[in-house]
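There are 2 protein chains.
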Amino acid sequence: MQIVVPETITAVVNTGDDFELHGLYIAPDLDIVTCTLAGLIDQVQGWGIVGDTAECMEWLGKLGGPTWFKLGDRDLALHIRRTALLRSGWTLSAVADSFRQSLGVTIRILPMSDTPVPTHIITSVGEMHFEEYFVQRRAADEVLAVRSVGIAEARPAPGVLEAIVEAEAILLAPSNPIVSIGPIIGIPGVRAALRETSAPIVAVSPIVGGAAIKGPAVPLMRASGVEPTALGIAGHYADFLDVLVIDTVDAALAPAIEALGVRAVVTDTIMHGAAEKAALARVALAAARAV
Amino acid sequence: MQIVVPETITAVVNTGDDFELHGLYIAPDLDIVTCTLAGLIDQVQGWGIVGDTAECMEWLGKLGGPTWFKLGDRDLALHIRRTALLRSGWTLSAVADSFRQSLGVTIRILPMSDTPVPTHIITSVGEMHFEEYFVQRRAADEVLAVRSVGIAEARPAPGVLEAIVEAEAILLAPSNPIVSIGPIIGIPGVRAALRETSAPIVAVSPIVGGAAIKGPAVPLMRASGVEPTALGIAGHYADFLDVLVIDTVDAALAPAIEALGVRAVVTDTIMHGAAEKAALARVALAAARAV
């Protein structure tokens, strides 16, 4: 259910979740985006490759390796090949571009940066990588703060700033504002480019009725001083955002959002399938065109 | 069909075949020995883990990775875990010991050295790693010479010299004398220990009727100046060998072998199953005890 020509789209992807396990460079968000666009994603679990097996993982466990982060056999090919290419001197951007081409994706995929910027969660039991907090410990620890290690020295990957400046429209997905969108807009130069671009910028609120559609957005927003509401989202992005698409259950927040200088568009934002995803994308694009 | 208590056996294993592919440290001989002793080897192909699948390999190929060296999904767990442990500072010996324990092997397994000593084959089309010559190019090139890179500076792994000196008996398997046994006895100190040990040393000839049981032993022996016969084997090991077990088809070579100071024991040496393997091991052990 294509509503825009794929070749004209650039996806800028968070790499704050990237980490090393089994000596392999794992890039969860790049892989989820690439495999989703390739039609390969396991729709049930929301990550991994459909029909994948877990023979290698089982044997890594037999050999005493960590097993808390599940890696499918097909999935592992991406991590093994990416790690080998990175060690031989490729940039993460070059690997991401090679993979999307190998898997038949025509949308351009850019990591936010070629420099590692791991997201750490500071909890009441200590500081840990986001994936340890989220997957290994099931987001059970009290969150005190979130930090992006090394972000002040990171540079946007080649093409990221140009994509923002030259865009016809920019869409922020209804993703976690702290650990998914946050690292991208925290890379030096990105937020300034968002402020300066002439492209309309539309976000879809990931918070509906004060709760996250999925994942631990609420405690992470609270720990970052962002109110876990659609209004909090608007305030967090207000310096560059033109339009916030919010759910009908949050319609009462529209005046407060608009008081921040952000236009509020109210619609059904909870997507259950391709048709609802396409409808929401159409609303967001129409809102961009109306700016 | 156990004929010796496993806990009393030490296997010293060639690592000249070890190489890096996909950024992974692959140790073909250590894995074949460990998986064979664990009862996990794929008996049909002679390497790899029985029942293994190749999902990851297929996807490595899709992503543009090399596919000439087949790696099963279970198999890959050994390479991934070994590489991660080596990178974190473990020695190859420590990894080998951990793996054999994880897989329930009670025979002690020692790599010949913790230092990489890759076997290179110098062919008429250039110098290449043994696995490139053997697997990628199917041993089709003319062999000019064989060299073990870095062997002069390598040291035996911890326990190797002690195992030789303290052994009750030493058995050289009917393996390729140039690229399987050769690197082990070429590690500085090993050949001297074999000469000095009071243990009887018995080899089984890998050459029967002037041909190798399997693999490219004949051209590799020729290129190394070793006559590809059981007599050539005896001459190659004569400085330390007490007994050479030869096949009945080579019985006429016995007097020439014994003239080198090596006792020749003539028997059926071609093993088709566990019973024949046990019978040959019994002959070799009896020959050792008779020294």
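In the order they appear, the protein sequences are chains X and B. Count along the first sequence from 1, add 2, and you get the number used in this note's numbering. Count along the second sequence from 1, add 2, and you get the number used in this note's numbering. All residues carry an ideal CB built from backbone N, CA and C; glycine is no exception.
- Taking a cut-off of 8 Å on C-beta distances, the region 18 to 34 of chain X touches the region 78 to 96 of chain X, as three or more cross pairs fall below it.
- Closer than 7 Å to the CB of Ala29 of chain X there is not a single CB belonging to chain B.
- For His131 of chain X, no alpha helix (DSSP H) encloses it; the enclosing beta strand (DSSP E) starts and ends at 128 to 131.
- For Asp31 of chain X, the enclosing alpha helix (DSSP H) starts and ends at 30 to 39.
- The three-state reading of DSSP puts His122 of chain X in strand, counting E and B together.
- Secondary structure note for Leu174 of chain X: its beta strand (DSSP E) is the uninterrupted segment 172 to 174.
- At a beta-carbon threshold of 8 Å, none of the residues of chain B lie near Cys37 of chain X; the nearest stands roughly 11 Å away.
- Straight-line measurement puts the Cα of Val210 of chain X at about 7 Å from the Cα of Asp252 of chain X.
- At a cut-off of 7 Å between beta-carbon atoms, Ala98 of chain X makes no contact with chain B.
- For Leu23 of chain X, the pairing in a beta bridge is given by DSSP as X:Leu26.
- Look at the region 101 to 126 of chain X: the residues with a C-beta under 8 Å from a C-beta of chain B are Phe101, Ser104, Leu105.
- Listed along chain X, the residues sitting closer than 8 Å to Ile82 of chain B by beta-carbon distance are His24, Gly25, Leu26, Cys58, Leu62, Gly67, Leu78, Ile82.
- Looking at X:Ile123, X:Ala156, X:Ile187, the one whose alpha-carbon comes closest to that of Arg140 of chain X is X:Ile123.
- Considering only X:Met273, X:Ala156, X:Phe136, the residue with the shortest C-alpha distance to Lys72 of chain X is X:Phe136.
- For Arg197 of chain B, the closest C-alpha among the options B:Ser177, B:Glu168, B:Val15, B:His274 is that of B:Glu168.
- Using a Cβ-Cβ cut-off of 7 Å, Ala169 of chain B does not count as an interface residue toward chain X, since no Cβ of chain X sits closer than that to its own.
- Cβ proximity to chain B below 7 Å picks out nothing from the region 238 to 251 of chain X.
- Note that the C-beta distance between Ile189 of chain X and Ser100 of chain X is not below 7 Å.
- Distances from the alpha-carbon of Val151 of chain X to those of X:Ile172, X:Val119, X:Leu163, X:Thr55 put X:Val119 closest.
- Scanning chain B for C-beta atoms nearer than 7 Å to the C-beta of Thr85 of chain X yields Gly25, reported in chain order.
- A Cβ-Cβ separation of about 5 Å places Asn16 of chain X in contact with Ser182 of chain X under the 8 Å criterion.
- Setting aside the 5 residues that flank it on each side, Glu9 of chain X is surrounded in the same chain by Thr108, each with a C-beta closer than 6 Å to its C-beta; the list follows chain order.
- Cβ-Cβ distances below 8 Å link Ala13 of chain X to Val35, Leu39, Ile109, Arg110, Ile111, Leu112 in the same chain, with the five nearest sequence neighbours on each side left out; the list follows chain order.
- Contact check for Leu246 of chain X and Ala281 of chain X: beta-carbon distance about 17 Å, past the 8 Å limit, so the pair fails to qualify.
- Residues of the same chain with a CB within less than 6 Å of the CB of Ile172 of chain B, apart from the 5 flanking positions on each side, are Ala201, Ile203 in chain order.
- Straight across, the Cα-Cα distance linking Glu144 of chain B with Asp241 of chain B is about 30 Å.
- Bridge pairing for Ala266 of chain X: X:Leu246 [DSSP].
- For Asp33 of chain X, no Cβ of chain B is located within less than 7 Å of the residue's own Cβ.
- Residue contact check for Arg89 of chain B against chain X: a CB pair falls below 7 Å.
- For Thr12 of chain X, the uninterrupted beta strand (DSSP E) segment begins and ends at 12 to 15.
- Contacts with chain B at 7 Å (Cβ-Cβ) include Thr55 of chain X.
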